[in-house]
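**Student:**
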Amino acid sequence: MEEMVMATLDLITASPHSSSSSSSSPTTDNNNNHPSSSSSSSSSSLCLSSISTRRTDLSTDLRLGLSLSPSHYSTPSREQRSSFDWPPVKSTLRCTLVEKSQISQFVKVYMEGIPIGRKLNLLAHHNYHALVKALANMFRTTILCPDSHQLPLISGNNVHVLTYEDQEGDWMMVGDVPWEMFLTSVKKLKITRADRC
Amino acid sequence: MECCNKRRMMKESPESNFMNRRGSSCFPDEVLERVIGMLKSRKDRSSVSLVCKEWYNAERWSRRNVFIGNCYSVSPEILTRRFPNIRSVTLKGKPRFSDFNLVPANWGADIHFWLVVFAEKYPFLEELRLKRMTVSDESLKFLARSFPNFKAISLQNCDGFSTDGLAAIAADCKNLTELDIQENVIDDKNDNWLTCFPESFTSLEVLNFSILHNDVNFDALEKLVTRCKSLKTLKLNKSITLEQLQRLLFRAPQLCELGTGSFSQELTTQQYSELESAFSNCKNLNTLSGLWVVTPQYLPVLYPACANLTFLNFSYAPLDSDDIAKLLVHCANIRRLWVVDTIEDKGLEAVGTHCPLLEELRVFPADPFAEGDARGVTDSGFIAVSQGCRNLHYVLYFCRHMTNAAVATVVQNCPDFTHFRLCIMNPGQPDYRTSEPMDEAFGAVVKTCSKLQRLAISGLLTDLTFEYIGKYAKNLETLSVAFAGSSDWGMQCVLEGCPKLRKLEIRDCPFGNAALLSGLEKYESMRSLWMSDCKVTMNGCRLLAKEMPRLNVEVIKEDGSDDSQAERVYVYRSVAGPRRDAPPFVLTL
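Protein sequence lines, in the order shown, are assigned to chains A and B. The UniProt record's numbering puts the first residue of the first sequence at 1, with every later residue one more than the last. The UniProt record's numbering puts the first residue of the second sequence at 1, with every later residue one more than the last.
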């Protein structure tokens, strides 16, 4: 995860900052805040959102809990923080709006090695990334993003993957099928050690 | 004042007695206390207590309400020593950014020890209002047992309790008038807490359980509402159906504030007209909220009640522009409106057209994480509201992009803003027409709105924004900053330029030790400073703590983070010294 993060940083800082910063004082760190067009396409291969528009680049980063100040890219704990800290909408309000159809889909979630499980409403999240981030925060661990390709893994036992039990009783890796299809087939979630899969 | 001057002229010695003072025709203490007792405003009372010792004493004996903006700024012992006769306490706990998950769980702000001291010193306590505090069920049970006169409890953004705690309050607080549970993280265990109100209990005036997820015992609720004839505020949760709502309204037509349950259920024609007449019977309704899950076809039942509404809170009801427009036609008296951005600019135009008396507008995002062509509100909706609603003085506006020109137009139309909170949801988003930073937008705000007390900024911002704020925002008390600024100079401008600054909360900005230390002289006149994910180091914080011993300088450490960085810093003045209950991840320097 760390190297992926560092790579993202390289992409963002490597691209020339957009001509928009015509005004006033030299914007040093603000360059990182510029959604720069050249970084957007390559970032998609690094577990960021596949929609690579200029504007969404940053919100994607933030959803992964990445800070925009370079010094913080190296702290794994920053990523583990829930994606729900920006924009500043209270979680009660956010989740309520998502639940506005009054349908919720609570599933049990277990983490390997912990006998007591949790419950999570899948419909309170829009996609795999949000789900993974919420779980990473709930269980205070690193969960690898489902649609990342080859990742340099952090060695050690603090890295997990997310699996689910489907309607046929089989245990599958989360992330292979489209989100909506996943919602119809998931029965339970389990966070397993990465080196077990 | 005159009596004090006279006393000074007589060169009163420390042993001078009461008779001597009476002889000089000063007010006796009882009278002074009576007069000062009539002061309600906290600021006035503060000023009065500084005049002289007699006035200080008269003020402290006559004080009945106390407001503590930061629970760690004072201890319960110090509080109870100074104010012996308190009946109502308001306490705020965690820093505001805890609403957005920036403060770890178990950080603190637990009410329990306060309650233990209050049970001894304020046995006649009647009201407790808490915001962002941790409250356990044990605490609620303790409260219910310890204060026989207890009347009102209001919990906002609190956590740590469940409906078991509510059951204890219901069962044991015989004189309860207010039970107000807002936006809390609450464990919704048993649905029978409402049955714990005894049959003889009739004093309830305010009941708000809108945040609970589960069903409540409707039978118990209906009986409660029926026998509490003074009920003025009733805010239901989404388990309550339209049919049940109609029955409750039938029982309580005197309601002033109503939070509906779910506004969607298959209604027969009969039920629909019953609901409509229930609403038209509520002649005193001035506030409407709730509307969880709205079926827009049913909104017309509200129309008869709309004419008197002054506050409409639709922040949980994602209506579209047509629905809101049709409703607002009937709401000419609205002063405060909270909506979701699904109404889009067209809905805001309707606001501008139909609600000329509007003073406060809050627009929340339906889908904060949406990508691509997400809709919502924009600069043109903002302008439309400002054109129609010239009395607007409070705005909270979430949008995806904005222009400098639009903001300048808005404040030109409405120069009386006291609260201006603009959240451009993409961090570092420039003016989308000119691609320039949004400095000039906030420059216009602070130059034009001389009464501005609270400001939240967003978008691509350089130090220039902060220069403007420091130069013009002379009445600013609260400033929220995220992803902004270019250098330490920005924060310095604010700290040096805003004389009334009380709360400064900053996240993800390039402000480091120089900025932090530039406020050395300032922090004691402020309630608190929050800085997270900036460039402050532990050494900077240690230096601040060393220079200013009356400040608590706390760093929240994360696991595995760089030891020299201070990722989350919370600085506040306190007469209580360092926290005695700090968890291991909070370092007091």
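Glycine residues also receive a C-beta, built at the ideal position from the N, C-alpha and C atoms.
What does residue 253/A touch in chain B if you count any residue whose Cβ is under 8 angstroms from its own?
**Tutor:** Because chain A here runs from 1 to 197, residue 253/A falls outside it and cannot be looked at.
**Student:** With three or more C-beta pairs closer than 8 angstroms as the rule, is the region 224-240 of chain B touching the region 249-262 of chain B?
**Tutor:** yes
**Student:** In chain order, what residues of the same chain lie with their CB nearer than 7 angstroms to the CB of residue 67/B, ignoring the 5 residues before and after it?
**Tutor:** Within the second sequence, numbered from 1, the residue matching residue 67/B stands at position 67. Within the same chain, residue 67/B has close Cβ partners 42 and 90.
**Student:** Name the chain B residues whose beta carbon is nearer than 9 angstroms to that of residue 130/A?
**Tutor:** Residue mapping note: residue 130/A aligns to position 130 of the first sequence, counting from 1. By Cβ distance, chain B contributes 369.
**Student:** Grab me the residues of residue 315/B's own chain with a C-beta within less than 6 angstroms of its C-beta, minus the 5 sequence neighbours each way, in chain order.
**Tutor:** Counting from 1 along the second sequence, the entry for residue 315/B is found at position 315. Once the five neighbours on either side are set aside, the close Cβ partners of residue 315/B are 338 and 364.
**Student:** Is there a Cβ from chain B that is less than 9 angstroms from the Cβ of residue 92/A?
**Tutor:** Your numbering for residue 92/A matches position 92 in the first sequence. Interface residue, yes.
**Student:** Going along the region 236-263 of chain B in order, which residues come within less than 8 angstroms of chain A, judged by CB to CB distance?
**Tutor:** 238 and 262
**Student:** With burial defined as no fewer than 16 other Cβ atoms inside 10 Å of the residue's Cβ, what is the status of residue 441/B: buried or exposed?
**Tutor:** For the purposes of this step, residue 441/B is taken as the residue at position 441 of the second sequence. Result: buried.
**Student:** Just how far apart, CA to CA, sit residue 53/B and residue 85/B?
**Tutor:** Residue 53/B sits at position 53 when you count from the first residue of the second sequence. Residue 85/B sits at position 85 when you count from the first residue of the second sequence. So the alpha carbons of these two residues sit roughly 18 angstroms apart.
**Student:** Can you tell me whether residue 169/B is buried or exposed? The criterion is at least 16 other CB atoms within 10 Å of its CB, across all chains shown.
**Tutor:** One-based indexing of the second sequence puts residue 169/B at position 169. Under this definition residue 169/B is a buried residue.
**Student:** Do you know offhand how far residue 237/B's Cα is from residue 184/B's?
**Tutor:** Within the second sequence, the letter at position 237 stands for residue 237/B. Within the second sequence, the letter at position 184 stands for residue 184/B. Going from the Cα of residue 237/B to the Cα of residue 184/B covers about 13 angstroms.
**Student:** Is there at least one Cβ from chain A nearer than 9 angstroms to residue 506/B's Cβ?
**Tutor:** In the second sequence, counting from the first residue as 1, residue 506/B sits at position 506. Not closer than 9 angstroms to any Cβ of chain A, the Cβ of residue 506/B fails to qualify, so no.
**Student:** Give the range of the beta strand (DSSP E) segment to which residue 532/B is assigned.
**Tutor:** As a working mapping, residue 532/B is identified with position 532 in the second sequence. Its beta strand (DSSP E) spans residues 528-532.
**Student:** What is the C-beta distance between residue 96/B and residue 126/B, in whole angstroms, given that I count them as a contact (C-beta under 8 angstroms)?
**Tutor:** In the second sequence, the residue the question calls residue 96/B occupies position 96. In the second sequence, the residue the question calls residue 126/B occupies position 126. Their Cβ separation, rounded to whole angstroms, is 27 angstroms, which puts residue 96/B and residue 126/B out of contact at 8 angstroms.
**Student:** Among 171/B, 513/B, 210/B and 569/B, which one has its Cα closest to the Cα of residue 198/B?
**Tutor:** If you number the second sequence from 1, residue 198/B lands on position 198. Selected option, being the one with the closest Cα: 171/B.
**Student:** Would you tell me roughly how many angstroms separate the C-alpha atoms of residue 583/B and residue 353/B, rounded to the nearest one?
**Tutor:** Locating residue 583/B in the second sequence gives position 583, where the first residue counts as 1. Locating residue 353/B in the second sequence gives position 353, where the first residue counts as 1. Cα to Cα, residue 583/B sits roughly 53 angstroms from residue 353/B.
**Student:** Compute the Euclidean distance between the alpha carbons of residue 332/B and residue 546/B, then round it to the nearest angstrom.
**Tutor:** In the second sequence, the residue the question calls residue 332/B occupies position 332. In the second sequence, the residue the question calls residue 546/B occupies position 546. If I take the Cα positions, the gap works out to 57 angstroms.
**Student:** Could you tell me which residues DSSP pairs with residue 288/B in its beta bridges?
**Tutor:** Residue numbering aside, residue 288/B sits at position 288 when the second sequence is read from its first letter. In DSSP, residue 288/B forms a bridge with 258/B and 312/B.
**Student:** Keeping to the same chain, check which residues put their C-beta closer than 7 angstroms to that of residue 359/B; ignore five residues upstream and five downstream.
**Tutor:** Your numbering for residue 359/B matches position 359 in the second sequence. So the list reads 335, 336, 391, 392, 393 and 394, once near-sequence residues are dropped.
**Student:** Give the list of continuous beta strand (DSSP E) stretches no shorter than 3 residues that lie fully inside the region 353-396 of chain B.
**Tutor:** Entirely contained in the region 353-396 of chain B, the beta strand (DSSP E) runs reaching 3 residues are, in chain order, 360-364.
**Student:** Should residue 457/B be flagged as near chain A, meaning a C-beta pair shorter than 9 angstroms?
**Tutor:** Counted from its first residue, the second sequence places residue 457/B at position 457. False, the Cβ-Cβ gap to chain A never drops below 9 angstroms.
**Student:** So, with DSSP's three-state summary, where would you put residue 306/B?
**Tutor:** Reading the second sequence from its first residue, position 306 is the one you call residue 306/B. DSSP places residue 306/B in helix when its eight states are reduced to three.
**Student:** Within a Cβ cutoff of 7 angstroms, which residues of the same chain sit near residue 367/B, ignoring the five residues on either side of it in sequence?
**Tutor:** In the second sequence, counting from the first residue as 1, residue 367/B sits at position 367. 374.
**Student:** Would you kindly work out how many angstroms separate the C-alpha atoms of residue 208/B and residue 215/B, rounded to a whole number?
**Tutor:** By 1-based counting over the second sequence, the position of residue 208/B is 208. By 1-based counting over the second sequence, the position of residue 215/B is 215. Rounded to the nearest angstrom, the two C-alpha atoms are 14 angstroms apart.
**Student:** On a CA-only basis, which of 163/A, 131/A, 141/A and 184/A is nearest residue 173/A? Give me that one, please.
**Tutor:** Counting from 1 along the first sequence, the entry for residue 173/A is found at position 173. The shortest Cα separation from residue 173/A among 163/A, 131/A, 141/A and 184/A belongs to 163/A.
**Student:** Of all the CB atoms in chain A, is at least one closer than 9 angstroms to the CB of residue 518/B?
**Tutor:** Within the second sequence, residue 518/B is the residue found at index 518, counting from 1. Cβ-Cβ to chain A under 9 angstroms: no for residue 518/B.
**Student:** Rounding to the nearest angstrom, what Cα-Cα distance links residue 320/B and residue 235/B in this structure?
**Tutor:** Position 320 of the second sequence, counting from 1, holds the residue named residue 320/B. Position 235 of the second sequence, counting from 1, holds the residue named residue 235/B. Going by the C-alpha atoms only, they are around 24 angstroms apart.
**Student:** For residue 343/B, would you say it is in contact with chain E, using Cβ-to-Cβ distances shorter than 9 angstroms as the test?
**Tutor:** The structure shown contains no chain E; its protein chains are A and B.
**Student:** Is residue 460/B closer than 9 angstroms to residue 428/B when the C-beta atoms are compared?
**Tutor:** Stepping through the second sequence from its first residue, residue 428/B is reached at position 428. Stepping through the second sequence from its first residue, residue 460/B is reached at position 460. Yes, Cβ-Cβ distance for residue 428/B and residue 460/B is below 9 angstroms.
**Student:** Give a yes or no on whether the minimum CB-CB distance between residue 313/B and chain A is below 9 angstroms.
**Tutor:** Residue mapping note: residue 313/B aligns to position 313 of the second sequence, counting from 1. Closer than 9 angstroms: no.
**Student:** Where does residue 404/B land, buried or exposed, given buried means 16+ other C-beta within 10 angstroms?
**Tutor:** Here residue 404/B refers to the residue found at position 404 of the second sequence. It is buried - the Cβ of residue 404/B has at least 16 other Cβ atoms within 10 Å.
**Student:** Please confirm whether residue 272/B has its beta-carbon closer than 9 angstroms to some beta-carbon of chain A.
**Tutor:** Within the second sequence, the letter at position 272 stands for residue 272/B. Not an interface residue.
**Student:** Can you name, in chain order, every residue of its own chain whose Cβ lies under 7 angstroms from the Cβ of residue 77/B, other than the five neighbours on each side?
**Tutor:** Locating residue 77/B in the second sequence gives position 77, where the first residue counts as 1. Counting only Cβ-Cβ distances below 7 angstroms, and skipping sequence neighbours, we find 117.
**Student:** Counting only the same chain and skipping the five closest in sequence on each side, list residues whose C-beta sits under 6 angstroms from that of residue 586/B.
**Tutor:** Within the second sequence, residue 586/B is the residue found at index 586, counting from 1. Excluding residues up to 5 positions away in sequence, 554 and 556 lie with their Cβ nearer than 6 angstroms to the Cβ of residue 586/B in the same chain.
**Student:** Look at the alpha carbon of residue 194/A and the alpha carbon of residue 544/B, and state the distance between them as a whole number of angstroms.
**Tutor:** Here residue 194/A refers to the residue found at position 194 when the first sequence is read from its first residue. Here residue 544/B refers to the residue found at position 544 when the second sequence is read from its first residue. Residue 194/A and residue 544/B: Cα-Cα distance of roughly 44 angstroms.
**Student:** Please compile the residues from chain A whose C-beta is within a distance smaller than 7 angstroms of the C-beta of residue 587/B.
**Tutor:** Counting from one through the second sequence, the residue named residue 587/B turns up at place 587. Result: empty, since nearest Cβ-Cβ is about 16 angstroms, beyond 7 angstroms.
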